[in-house]
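A.B. asks: For the sequence shown, our numbering assigns the number 264 to the initial residue and increments by one for each residue that follows.
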Amino acid sequence: MVYARIEDRKGLTMEATKTAFMEGLAKLGRRERVLLIPPDITRIHGLGGMLAVWATEFYGGAVKQILPALGTHVPMTPKEIEVMYPGVDPALFTIHDWRNDIVTIGTVPKEFIEEVSEGKLSYEWKAQVNKALVHGGFDLILSLGQVVPHEVIGMANHNKNVFVGTGGADGI
């Protein structure tokens, strides 16, 4: 789900943001098994934490797991989880282990990488994600957060949450 709206230079109020988000979730419909992939505490300045709180409020017991997009960051402490995701059951949180908890879901051929990098890079890239995304039996996986500039790879959140935040060494 991508949402864009301009009211004024001040942006959306928290209430308007929540309303728009909940309306988007309503369009997705009810689910049985939901996985949330929000950013970790290093992105607390964004609304990713609140989006996870609101998604948990909307889906209730259908939220079976929350997998913060850690990449190689230090796992969040219980206090950080409480601060960033107020009121959410800490038992829902899983720590991503980028060395052991991954599966390869595909490979980008080196020829394609050579082409798009104009010959600057020449290797294949394994698309790896946390095994929960593939084997967790979820009927909805939500990568939460705003798409914002990132100093290294161009954009943060969106697919970065998945392929870097829950990925393996090749993606990170």
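Note that beta-carbon positions come from the ideal geometry of N, C-alpha and C, so glycine has one too.
#1: Check whether the Cβ atoms of Ala325 and Leu299 lie closer than 8 angstroms to each other.
#2: Below 8 angstroms between beta carbons: does that hold for Lys327 and Val346?
#3: Is it buried or exposed, Ile307, if we count other Cβ atoms within 10 angstroms and call 16 or more buried?
#4: Considering only their Cβ atoms, is the gap separating Thr357 from Gln391 smaller than 8 angstroms?
#5: Taking Cβ positions, are Ile376 and Gly431 nearer each other than 8 angstroms?
#6: Would you call the CB atoms of Ser406 and Asn393 closer than 8 angstroms?
#7: Can you list, in chain order, the stretches of the alpha helix (DSSP H) that have 4 or more residues and sit fully within the segment 266-340?
#8: Leaving out five residues before and five after Ala354 in sequence, what residues of the same chain have Cβ atoms less than 7 angstroms from its Cβ?
#9: Based on the DSSP output, what are the partners of Val351 in its beta bridges?
#10: Measuring straight from C-alpha to C-alpha, what distance separates Val351 and Lys290?
#11: Since Phe321 and Leu275 are thought to touch, with beta carbons under 8 angstroms apart, how far apart are those beta carbons, to the nearest angstrom?
#12: Note the first and the last residue of the continuous alpha helix (DSSP H) segment covering Ala395.
#13: What's the gap between the Cα of Met339 and the Cα of Tyr386?
#14: When the Cα atoms are used, what is the spatial distance from Phe278 to Gly309?
#15: Assuming the contact rule is C-beta atoms closer than 8 angstroms, Thr335 and Ile435 should be a hit. Round their C-beta distance to whole Å, please.
#16: With DSSP run on the structure shown, which of helix, strand or coil describes Lys342?
C.D. replies: Per the coordinate set shown:
#1: no
#2: no
#3: exposed
#4: Between Gln391 and Thr357, the C-beta gap is not smaller than 8 angstroms, which leaves the two residues out of contact.
#5: Judged by beta-carbon spacing, Gly431 lies beyond the 8 angstroms limit of Ile376, meaning their Cβ atoms are not closer than that value.
#6: no
#7: 277-291 and 311-322
#8: none
#9: In DSSP, Val351 forms no bridge with anything.
#10: 23 angstroms
#11: Contact check for Phe321 and Leu275: beta-carbon distance about 18 angstroms, past the 8 angstroms limit, so the pair fails to qualify.
#12: For Ala395, the enclosing alpha helix (DSSP H) has its first and last residue at Lys394 to His398.
#13: 33 angstroms
#14: It is worth fixing the name first, because residue 278 is Glu in this sequence and not Phe. Spanning the two alpha carbons is a distance of roughly 15 angstroms.
#15: 6 angstroms
#16: helix
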